[in-house]
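J.:
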Amino acid sequence: MNTKNVLKKKQVLVGPVVIGGGAPVSVQSMCTTDTCDVKRTLEEIDRLDEAGCDIVRVAVPSAEAAQALRRICFKSPIPVVADIHFDYRLAISSIRAGADKIRINPGNMRDKNGLVKIAKEARKACVPIRVGVNAGSLDRVLVDEYGGVTPEALAASAVLAVRELERLDFTDIVVSAKASSPRMMIETYRLLSDVLDYPLHLGVTEAGTKSEGVIRSAVGIGTLLAEGIGDTIRVSLTADPVEEVRAGFAILKALDLRQRGATLISCPTCGRTEVPLMEIAEEMERRLASIHEPIKVAVMGCVVNGPGEAREADVGIAGGKDHFVLFRQGEVVRKISKEEAVDELSHEIDRLLSERRGLLEPT
Ligand code: SF4
1131 MNTKNVLKKK
1141 QVLVGPVVIG
1151 GGAPVSVQSM
1161 CTTDTCDVKR
1171 TLEEIDRLDE
1181 AGCDIVRVAV
1191 PSAEAAQALR
1201 RICFKSPIPV
1211 VADIHFDYRL
1221 AISSIRAGAD
1231 KIRINPGNMR
1241 DKNGLVKIAK
1251 EARKACVPIR
1261 VGVNAGSLDR
1271 VLVDEYGGVT
1281 PEALAASAVL
1291 AVRELERLDF
1301 TDIVVSAKAS
1311 SPRMMIETYR
1321 LLSDVLDYPL
1331 HLGVTEAGTK
1341 SEGVIRSAVG
1351 IGTLLAEGIG
1361 DTIRVSLTAD
1371 PVEEVRAGFA
1381 ILKALDLRQR
1391 GATLISCPTC
1401 GRTEVPLMEI
1411 AEEMERRLAS
1421 IHEPIKVAVM
1431 GCVVNGPGEA
1441 READVGIAGG
1451 KDHFVLFRQG
1461 EVVRKISKEE
1471 AVDELSHEID
1481 RLLSERRGLL
1491 EPT
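In my numbering, the protein residues as written are 1131 to 1493.
(1) Any residues whose CB sits closer than 6 Å to a heavy atom of ligand 1? List them in chain order?
(2) Using a Cβ-Cβ cutoff of less than 6 Å, which residues in the same chain neighbour Ile1479 once the five nearest sequence positions on both sides are dropped?
(3) Mapping DSSP to helix, strand and coil, what is Ser1306?
(4) Ends of the beta strand (DSSP E) at Ile1425?
(5) With distance defined between alpha-carbon atoms, name the residue in His1453, Glu1461 and Ser1476 nearest to Glu1469.
(6) So, under 8 Å CB-CB, Arg1364 and Glu1357 are touching, yes? Tell me the CB distance rounded to an integer number of Å.
(7) For Glu1461, list the residues DSSP reports as bridge partners.
(8) Let's see if you can read the secondary structure: which residues bound the alpha helix (DSSP H) around Gly1350?
(9) Kindly provide the ranges of any beta strand (DSSP E) runs that are 3 or more residues long and lie completely inside the stretch 1157 to 1209, ordered along the chain.
(10) Starting from the C-beta of Lys1140, find all residues in its chain whose C-beta is less than 7 Å away, skip the five residues before and the five after it, and write them out in chain order.
(11) To the nearest whole angstrom, what separates the beta carbons of Pro1209 and Val1144, a pair I think is in contact under 8 Å?
(12) With a CB to CB cut of under 7 Å and the five nearest residues on each side skipped, what residues in its chain are close to Arg1487?
(13) Decide if Arg1390 is buried, meaning its Cβ has at least 16 other Cβ atoms within 10 Å, or exposed.
(14) Roughly how many angstroms lie between the CA atoms of Ser1311 and Ile1214, to the nearest whole one?
(15) Assign Asn1264 to one of three DSSP states: helix, strand, or coil.
(16) In three-state terms, what does DSSP make of Arg1233?
(17) Is DSSP giving His1422 helix, strand or coil here?
(18) Cβ of Ile1425 within 9 Å of Cβ of Leu1418?
(19) Does the pairing of the stretch 1268 to 1283 with the stretch 1307 to 1323 give three or more beta-carbon distances under 8 Å?
(20) Give me the Cα-Cα distance between Met1239 and Ala1153, rounded to the nearest whole angstrom.
(21) Starting from the N-terminal side, write out each stretch of the alpha helix (DSSP H) that is 4 residues or longer and does not extend beyond the stretch 1364 to 1427.
(22) Which residues does DSSP pair with Val1148 in a beta bridge?
(23) From Ala1309, Arg1201 and Ser1323, pick the residue whose C-alpha is nearest to that of Gly1333; which is it?
(24) What is the residue span of the beta strand (DSSP E) that Ile1479 lies within?
(25) Are the Cβ atoms of Glu1342 and Ser1366 separated by less than 9 Å?
(26) Apart from the five residues just before and just after Asn1132, which ones in its own chain have a Cβ nearer than 6 Å to its Cβ?
(27) Please confirm whether Val1305 and Leu1322 have their CB atoms less than 9 Å apart.
(28) What is the DSSP secondary structure of Ile1316, counted as helix, strand or coil?
(29) For the candidate residues Leu1178, Phe1204 and Val1261, whose alpha-carbon lies nearest to that of Ala1221?
(30) Please list, in chain order, all residues of the same chain as Gln1459 whose beta carbon is under 8 Å from its beta carbon, the five residues on each side excluded.
(31) Run the CB neighbour count on Pro1236, radius 10 Å, all protein chains shown included, and call it buried at 16 or more, exposed below.
(32) Which residue spans inside the stretch 1238 to 1299 form an unbroken alpha helix (DSSP H) run of at least 4?
(33) What's the C-alpha gap between Leu1382 and Val1427?
(34) Give a yes or no on whether the minimum CB-CB distance between Gly1391 and chain C is below 9 Å.
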């Protein structure tokens, strides 16, 4: 997996985070706060950092926001990207304020001479530019030329902007071309991957609320990553942005591209289940959310698939009649009652993590 990507794409540095050229796929999110409210924005960035977010983007819709960006960039624990639409001067101000990357939208950059000025300033400051095309704001000329918003039109918009930057001798570029349709974004990124050797930022834009949006993003982003296309991702959700980071890592974990935090394996239950598995799995999901180290935990209902999955996990439980068998690293530890299952499983996970950190002697 990912060999196409590893061999082909250039590398871009966003602060200390490497994008492309075989670097781990980074997870991005975007603040929902008013950028002028520096305190709340930094609080949200701290929560995103805690969740594992590699790069954060903030909207810069005004000169005041660009001014606030200076304090945000100074204090942010992770690289900050300035999201620019319409006005090239905001990109210039953001670069001067310390942004680690600029996102511009070629579909709404009204002053075509603005790109020349942005490229000049970005080169001077060694700040990369993301050419961020969006199906919702595609240049009308291209919409007319291609007979609608199509993958070809989206890809053309990105390629035109990239070639313009190259003419300006600027090659520190990341490219995205998002659509709310997973199928359309998949086809667009496949086209881009064939013609560009710049890192690709993947996303299904306006994907929806948490339940629907995670699925749409997993289909779009996951399909491309499985083909080796994509170097950095953002899951766009109408939800707390921390959920975007969790979903991003869940996609990367599902494809074995990165490991962070716990992976919970749990069965759907069926007529064989004789333990309160759903409640236990839900409670374990809550408890596991605070773990950052990779660990695989299985919560299984019966002897059909339970012992197999529990043995394969780092720690697991397999249900029987009103009890569970606790497994750790492939071995049976002991039998536990269904009432003590959550606490015993949590205790065993804590022990294993403490041993890995060298805080406890191995049992
Ligand atoms: S593991 Fe057992 S309880 Fe769970 S779904 Fe499979 S057969 Fe049913």
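For glycine and all other residues, C-beta sits at the position ideal for the given N, C-alpha and C. Predicted, not measured: the structure shown is a model, and the values here were computed from it.
T.: This is what the structure holds:
(1) Cys1397, Pro1398, Thr1399, Cys1400, Arg1402, Thr1403, Met1430, Gly1431, Cys1432, Val1434, Asn1435 and Gly1436
(2) The residue you call residue 1479 lines up with position 349 of the sequence shown. Excluding sequence neighbours, Ile1479 sits near Val1445.
(3) Numbered from its first residue, the sequence shown carries residue 1306 at position 176. Of the three classes helix, strand and coil, the one that applies to Ser1306 here is strand, per DSSP.
(4) Against the sequence shown, residue 1425 aligns to sequence position 295. That run of the beta strand (DSSP E) goes Ile1425 to Met1430.
(5) Taking the sequence shown and counting its residues from 1, the one referred to as residue 1469 is at position 339. Cα-wise, what sits closest to Glu1469 is His1453.
(6) Reading the sequence shown from its first residue, position 234 is the one you call residue 1364. Reading the sequence shown from its first residue, position 227 is the one you call residue 1357. No, Arg1364 and Glu1357 are not in contact; Cβ-Cβ is about 18 Å, not under 8 Å.
(7) In the sequence shown, residue 1461 corresponds to position 331, counting from 1. Per DSSP, Arg1458.
(8) In the sequence shown, counting from the first residue as 1, residue 1350 sits at position 220. Here the alpha helix (DSSP H) through Gly1350 covers Lys1340 to Ala1356.
(9) Correct list: 1185 to 1189.
(10) Translated into the one-based positions of the sequence shown, residue 1140 becomes position 10. These residues qualify, in order along the chain: Gly1150, Gly1151, Asp1327, Tyr1328 and Pro1329.
(11) Here residue 1209 is taken as the residue at index 79 of the sequence shown, counted from 1. Here residue 1144 is taken as the residue at index 14 of the sequence shown, counted from 1. That belief holds up - the Cβ atoms of Pro1209 and Val1144 are roughly 5 Å apart, short of 8 Å.
(12) Here residue 1487 corresponds to residue number 357 of the sequence shown, with the count starting at 1. Around Arg1487: no qualifying Cβ.
(13) By 1-based counting over the sequence shown, the position of residue 1390 is 260. That one is buried.
(14) Looking up residue 1311 in the sequence shown gives position 181. Looking up residue 1214 in the sequence shown gives position 84. Ser1311 and Ile1214: Cα-Cα distance of roughly 23 Å.
(15) Sequence index remark: in the sequence shown, residue 1264 carries index 134 (1-based). It is a strand residue.
(16) Taking the sequence shown and counting its residues from 1, the one referred to as residue 1233 is at position 103. When secondary structure is reduced to three states using DSSP, Arg1233 falls in the strand class.
(17) The count along the sequence shown starts at 1 and reaches residue 1422 at position 292. Reduced to three states, the DSSP call for His1422 is coil.
(18) Locating residue 1425 in the sequence shown gives position 295, counting from the first residue. Locating residue 1418 in the sequence shown gives position 288, counting from the first residue. Yes, Cβ-Cβ distance for Ile1425 and Leu1418 is below 9 Å.
(19) yes
(20) Here residue 1239 refers to the residue found at position 109 when the sequence shown is read from its first residue. Here residue 1153 refers to the residue found at position 23 when the sequence shown is read from its first residue. The alpha-carbon atoms of Met1239 and Ala1153 are separated by roughly 30 Å.
(21) 1371 to 1384 and 1407 to 1418
(22) Counting from one through the sequence shown, the residue named residue 1148 turns up at place 18. Leu1143, per the DSSP bridge assignment.
(23) Within the sequence shown, residue 1333 is the residue found at index 203, counting from 1. With distances taken between Cα atoms, Gly1333 lies closest to Ala1309.
(24) Here residue 1479 is taken as the residue at index 349 of the sequence shown, counted from 1. It is not in any beta strand (DSSP E) - Ile1479 instead sits in the alpha helix (DSSP H) that spans Ala1471 to Arg1486.
(25) Locating residue 1342 in the sequence shown gives position 212, where the first residue counts as 1. Locating residue 1366 in the sequence shown gives position 236, where the first residue counts as 1. Contact: no.
(26) Translated into positions along the sequence shown, residue 1132 becomes position 2. At Asn1132, the pLDDT of 47 sits below 50, so the modelled position is not reliable; the number obtained from the coordinates is stated separately. Only Gly1358 meet the Cβ criterion.
(27) Residue 1305 sits at position 175 when you count from the first residue of the sequence shown. Residue 1322 sits at position 192 when you count from the first residue of the sequence shown. Taking 9 Å as the Cβ cut-off, Val1305 and Leu1322 qualify as a contacting pair.
(28) Locating residue 1316 in the sequence shown gives position 186, where the first residue counts as 1. Looking at Ile1316 - three-state DSSP - the assignment turns out to be helix.
(29) Position 91 of the sequence shown, counted from the start, is the residue given in the question as residue 1221. Nearest to Ala1221 by alpha-carbon distance, out of Leu1178, Phe1204 and Val1261, is Val1261.
(30) In the sequence shown, counting from the first residue as 1, residue 1459 sits at position 329. If we look at Gln1459 and ignore the five residues flanking it on each side, its Cβ neighbours are Asp1444, Val1445 and Leu1482.
(31) By 1-based counting over the sequence shown, the position of residue 1236 is 106. It counts as buried.
(32) Fully enclosed alpha helix (DSSP H) runs of 4 or longer: 1243 to 1255, 1270 to 1276 and 1281 to 1297.
(33) Counting from one through the sequence shown, the residue named residue 1382 turns up at place 252. Counting from one through the sequence shown, the residue named residue 1427 turns up at place 297. Going from the Cα of Leu1382 to the Cα of Val1427 covers about 17 Å.
(34) Among the protein chains of the structure shown there is no chain C, as only one such chain exists.
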